[in-house]
Amino acid sequence: MADHEYTFDPDAGNNTAASVYRLARRGGPRVLDLGSGPAIVSSHLATNDSKEVTCVDQSSESLAAARGRGIARTIMADLADSDWVDHLEERQFDVIILADVLEHLINPGQLLSTIATCGLLAPGGHLVISIPNAGHEAVVAELVKGRFTYQDTGLLDSTHLRFFTLDTLRGLLEGSGFFITQVERTRRTAEQTSLSAHDATLPAELRDLILQAAPEAQTYQFIVSAEPADAASDLAEAREQLSLLSAELAEVKRVLHRTQDQAERSRLQLKTEAKLADRELALLRQRIKQVEGVLERERKRHTQVLGSAGKAAAKEIAALQRKIDEIYKSRTWKVGRAAWGAFHLPGKVLSKTRPTPSNTVMPRVPAPTPKETPTLHETIDYPLVEDNIVRQKYERALARRTFSGTARNVTIAVYSTDLTEGRGDVYTAVGLGRQLETIGFEVIYLPRDRWYDVPSGTEIFVAMMESVDITQLPSDLATVAWIRNETEVWCRQPWLPLFDLALASSPQSLEAVRRVFAGPTGLLPIGVDTELFVPRSRPDDRAGVVTTVNQWGRERELFIHLKQAEVEWPLALFGESRGLAPELECFSRGHVSFFALPSLYNQAVVVLDDFNHTTAPFGNVNSRVYEAAACGAIVLTNRSIGLDAVGFENLGTFSSAQTISELITHSLGSADALKEAQSQAMDVAERHSYVRRAAEFAGHLQRLGVADTVDRLVVNFYPDYRANPYLEMMWSSLRGDGSIAIPIADDLDVSAAVRAADLRASIFHLNWTAPILGPAPDDHSRLVRYRRFVEGLDELNDRGVPTIWTLHNVLPHECADPHLEAQLRQEIADRVDLIHVMCESTVVACSEWFDIAETKTRMIPHPSYIDVYSNLVDKETARYHLGLQPDDFVYLHFGQIRPYKAIDRLLDAFDRVSRSDPKVKLLLVGKPGRFDGVRQIMERARANSSVTANFNSIPDADVQLYMNAADVAVLPHRQALNSGALLLAYSFGLPVIASATGCMAAQVDDLTGVTFDWDAGEQALLNALLEGRQLGPDYGKAAYERAEAVHYLGIGTQFRQLVDEAMSLRRT
Amino acid sequence: MFLTDGPRVFVVLLNYQSAGDLVRCLASVRRSQERDIRPVIVDNASGNGDVARLSKELGPTIPILESPHNGGYAHGNNLGIRYALDRDVDFVWILNPDTQVEPDTLQMLMTTMALRPDAGFVGSLNLHGDSDPATIQFAGGSIDWDAGVVTHSIGLGTPLASYNRRDAHDVDYVAGTSMLVRRKVFDEVGFLPERYFMYFEETDFQVQAARHGWKSVLNPLAKVWHHQSSTRDLPAPYYTYYYIRNRMLFAKGLSRLNDAEIERGLAGFIDGWRARVAERAPDWLDTHNRLVSMALSDGRAGVTGPRAEVDAMRRPAA
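Next comes the structure, spelled out in structure tokens:
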């Protein structure tokens, strides 16, 4: 393969190198990169993730380049020969990478077999393989045009010897004893491939057909993770079964076609044969049940044996089974089946799935018998009728691919446009979209694999899913988020602030959104399609209790209550029932299509609803409530929150087995309640129809680009260190006045700040600068990032956005190019309006590297952490939890393990202090950074019984354990300007031993601890440790008073004044 | 807010000459499985050296707010609540110092808060502090608005062993002895009403909050042992006076009943205690009757706040 030199962003989506990197990063430390080339990806693993990487390649230049990137072990070998194994120093690896390798080998199976038979993968290890997709539409296009022209690079690289699709790759792997556990994809359209110069496209119609028939046609590369398949034979069996089922499906479809014809001819004759038909149907149902029983057992067995691969297979089996069931249940099938008479398909199904010794229709396994319930209840059959006319209308709406150009063009991104997938968002989207079409819009719906292929002409883009990353969209679209569930996830998405309009389905969701979103917002509840959901039945026609609540594994509250209740009424549970309690299985009735819901809701007296864990806190009322109420059923649900906002405040709400029983009994027994529900139905349709929602949506659109009427300040901040409480402490006073903070979404792009500034008063708060240049892998990209950031600052300046820079350190603690970093800081210092420093000595400390104008400089001390971390646990309890004795003397180092913290020297000095006194202990707590020598530090700490080490990040509520267990905190920093750890210690009334560096020199004095001169050597630290043992309780008290003096509330007020000053500077 | 992961809880402990109880209570809170709790102590002008004792025993890092005067339950707790609200709190746990909690009490209260976003208050199952076998002191409160606004403690005196409810369920009110309150309630409804001085503050507050849509929920799995000295045979003067007067104030403020209807609702309470005093401390009956009449006339006149002469009276000797 060609030795391409390239760079990649490890976090990038749709990028093969990044996918390989992410999949390979997941495993253990020993990595083998076969056909490594210059080790672009694996050198990241070595340097960023401290992996021990061995590279094998046949090119000495490539391996030299790999060594230049820090790869210690390189082996020159040809993978086509199997003796490369003998050169390996190690015999086992946790991860073996085969990135774009297999397609270059004559016999790739041999290489995989070598890996398997030599046992190169350690237990728990995995392969990471990337491979070009031979089924790409560009290749198909070549073939269609009668060509197959090799090229220098790309899909048809002239060095490719073998070609794979996902299926054939899977076959290759399984043949060698591996199975695929995960598949990632990079996608490109034909135009984006190197074949595009070669006219790799086809006529649009043909292309659409190909895309429909071959869902992977725009997959450019597959990146898979694979594991040794102990259960490979089982997997093969499952596959065999799958293919049998597929064949069966095909056969069923054929039969269906024939029966449809026959049905047409036999319609008149049928009337006389109705009785026969009924009997046949009953027989059919019984047989289907038997087959289901067998399948279910098989599915469970395979799922257990096969783990994730098995689950995928089981899922496919289930999907196929569903399709077959749907056909069996369809009207056409039933009618046609009766006419066909002699055809005995179920017997065939049975014999194909599990060959039976005799050709009897009796199943080998009895169908699952319903669990006996203690109370007798009537079972009601709800014959379901699908509204196929409306279904076709939905299908037609979803089929649109281009805009006609005569209306306002709306594109709606949904999870799937496949109506059989049964995902709710598509029905909601089409429900709204169909009505938008009646008031001057045209709507195209995009499934998740086409979200970013926005149809040309789109003006308004509506995201129904929180995972739609709008930074990947063209910037000239008006973007709308419609938040109907998962409110918290929506609010955490870094790109949420970039939407032009945010709509939420409940006031509570809206409130949460407004905390992070500055633009215009609006309330848009879910609605109901009144072409489907209308009351069609009289009260006498209704009976029983139904629900269509799906359970996907996590047990729903409704089912928790129901299983504890005495079910004394007819109950039918429709929908997905994964993990349904055994007590309830006997009520389960399987799936129901969206288009059959109206017939169901018109037959039941009571429809049970259930807010799930993401909708309950925010009162996002489910579509089921609107739909069932619009059909005139009595709806009961598990929350009252949110109901009043949409006029459902009178719905019965249950919170226990007892209350649900009471409500149901009352509803079933009260003719008035049903009458009331019936009379409300038209009102529900009137208030919540999508006709109405479409008008509301159009109204909200008018607010696009209009500033929020609430006068709020927006703090745009960089970098996005939201997890660091420092930022929130500084903004506490601003927050109190309703300001919101929005991170800059991209790691460099300040355009979010610019966009927000267009809408309202805004400031830019810059903090740590390390992430500006830090991620760059080389000098060139460092310079590119440098320029982009400075240009961004200039643009902010041009827009008149006030800028504040909080100066945390002289230079980032670890940086590749200090001079460039200093130059960048100089440019920042020259551009910002105000520079916030935390102690007086900052200006002098920085002058070695860059100059800051004293006129711009404002001093606000570092806030303490009082009231941030809880402080409840006393010393005795804390020590008990950490395994320390009451009479121990405990030194504490708390915070990230980084080179400048000089932990090695602390361990040296501590060894000498503790040698003579076993009661002296050191608590070493913090996440280790990645630097040379970090392992030695960790190993030394673990080997010393006087050291209690915790190298994990500490949950907020546990900070108190370490702080309160200690007698004194040690901060042996080689150099640091500010130390949060010092203020943290003070906040827990802990005296400190600190090196007299940066601001700490002034913050620690005779009353609060001991300082020492780092440059005076190890002895100075040793003396300080000894002196620290003598500090009495007064020191802790004084330390706490220092912390009180810089409580975050006061500091937040000072910062607020700084912001006011920056704003007024801009105004004048 | 966003300062730390997860919800932030402050526990407010109101002290009035009960430093010993409070230290014992805090020790039980410190054994909580849920460690993310910030204690704040309010001293309602104990004037007996309690503050010095507490700050010595608890160290400098536990805040003690000193009220300049004893303004009663609501006044003292409101100081602590305001302190907490200034510090980005999500939930305030109001806890009497004469209690001890179980290690999972707060966790249970928090779980209910998480599951019930419509709950403004979650209360615990309160047990008689020294009862063995355990008996219930409070398992939720109900209010009978028709019979003169009678408040009723569910489960009072029931042995714990024969109490079977396990589910968190709605009640009319939970006891102020131990209740977790959602921050939004204070933002929307305000603070505990301070006109009562003692009794009915939290009931009044919960009725007001219910009118904003906030539910009061009792979680029977959250247990609190209440060492209240209420098992005495005879009613303390403050109990007789404040209970009668404040129930009248409560009913007048929140219902449409007239004085006569309200007093008819109180008759059972008054007669019951009077009979007991007559039987066990006949010498004290006159004083008791005076307290009752004072309470009734103050209730009719709408007198609020503390009554110095009542507070100065000693308990009758049995």
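Line order of the protein sequences matches chains C and G. The numbers in my numbering rise by one with no breaks, and the one at position 1041 of the first sequence is 1039. If you want my numbering, it's the position in the second sequence, counting the first as 1, plus 18. Even for Gly, the Cβ is constructed at its ideal location relative to N, Cα and C. Keep in mind it's a predicted model, so treat the numbers as computed, not measured.
Approximately 4 Å separates the beta-carbon atoms of residue 190 (chain G) and residue 161 (chain G); this is inside 8 Å, confirming the contact. Proximity of chain G to residue 1038 (chain C) at the Cβ level (cut-off 9 Å) is accounted for by 77, 78 and 79, in chain order. For the region 34 to 60 of chain G, the residues whose beta carbon sits under 9 Å from a beta carbon of chain C are, in order, 44, 45, 47, 48, 49, 50, 52, 53, 54, 55, 56 and 57. The beta strand (DSSP E) runs of length 3 or more contained entirely in the region 883 to 920 of chain C are, from start to end of the chain, 887 to 892. Scanning its chain for C-beta atoms nearer than 8 Å, with the 5 sequence neighbours on each side dropped, one finds around residue 617 (chain C) the residues 504, 505, 506, 507, 609, 637, 639, 640, 641 and 643, in chain order. Measuring C-alpha to C-alpha distances from residue 158 (chain G) to each of G:236, G:120, G:113 and G:322 identifies G:236 as the nearest.
In the three-state DSSP reduction, residue 36 (chain C) falls in the coil class, being neither helix nor strand. Nearest C-alpha to residue 312 (chain G) among G:255, G:167 and G:282: G:255. Neighbours of residue 188 (chain G) in chain C, taken as residues at a C-beta separation under 9 Å, are given in chain order as 653 and 657. Those residues of the region 99 to 120 of chain G placed with their C-beta closer than 8 Å to a C-beta in chain C are 104, 105 and 106, ordered along the chain. For residue 587 (chain C), there is no enclosing alpha helix (DSSP H); the residue is found in the beta strand (DSSP E) stretching over 586 to 588.
Taking a beta-carbon distance threshold of 7 Å, residue 1035 (chain C) counts as an interface residue toward chain G. Counting only runs of at least 4 residues, the region 0 to 27 of chain C fully encloses the following alpha helix (DSSP H) elements, listed from N- to C-terminal order: 14 to 23.
Cβ neighbours of residue 292 (chain G) within its own chain (closer than 8 Å, five residues either side excluded): 303, 306, 307 and 310. For residue 780 (chain C), the uninterrupted alpha helix (DSSP H) run begins and ends at 777 to 796, by DSSP. Restricted to the region 597 to 680 of chain C, the alpha helix (DSSP H) segments that are unbroken, complete and at least 4 residues in length are 621 to 628 and 655 to 667, listed in chain order. Rounded to the nearest whole angstrom, the CA to CA distance from residue 109 (chain G) to residue 227 (chain G) is 15 Å. The beta carbon of residue 21 (chain C) is closer than 6 Å to those of 126 and 223 in its chain, skipping five residues each way along the sequence. Secondary structure note for residue 387 (chain C): its alpha helix (DSSP H) is the uninterrupted segment 386 to 397.
For residue 800 (chain C), same chain residues with a beta-carbon under 6 Å away, outside a window of 5 residues either side, are 761, 831, 1060, 1061 and 1064 in chain order. For residue 633 (chain C), the CB contacts under 7 Å within the same chain, skipping 5 residues up- and downstream, are 605, 607, 623, 626, 627 and 649 in chain order. Rounded to the nearest whole angstrom, the C-alpha separation of residue 417 (chain C) and residue 596 (chain C) is 16 Å. With a cut-off of 8 Å on Cβ pairs, the region 89 to 102 of chain G is in contact with the region 206 to 217 of chain G, counting three or more such pairs.
In the structure shown, the three-state DSSP call for residue 740 (chain C) is strand. For the region 122 to 144 of chain G, the residues whose beta carbon sits under 9 Å from a beta carbon of chain C are, in order, 132, 133, 134, 135 and 136. Under the three-state reduction of DSSP, residue 958 (chain C) is assigned to helix.
When G:49, G:111, G:39 and G:296 are compared, the shortest CA-CA separation from residue 252 (chain G) is found for G:296.
Contacts between residue 869 (chain C) and chain G, judged by CB atoms closer than 9 Å, involve 56, 57, 79 and 80 in chain order. In this structure, DSSP gives residue 424 (chain C) a helical state, which the three-state scheme calls helix. With its beta carbon at least 7 Å from every one in chain G, residue 192 (chain C) lies outside the interface. Here DSSP, grouped into helix, strand and coil, assigns residue 547 (chain C) to coil. The beta-carbon distance between residue 227 (chain C) and residue 161 (chain C), rounded to whole angstroms, is 23 Å. This is too long to meet the 8 Å contact definition. In this structure, the alpha-carbon of residue 1006 (chain C) lies about 11 Å from that of residue 1041 (chain C). Within the same chain, and ignoring the five residues on either side of residue 885 (chain C) in sequence, the residues whose Cβ sits closer than 7 Å to its Cβ are 917. Around the beta-carbon of residue 182 (chain G), fewer than 16 other beta-carbon atoms lie within 10 Å, marking it exposed.
Considering only beta carbons, no part of the region 146 to 161 of chain G lies closer than 7 Å to chain C.
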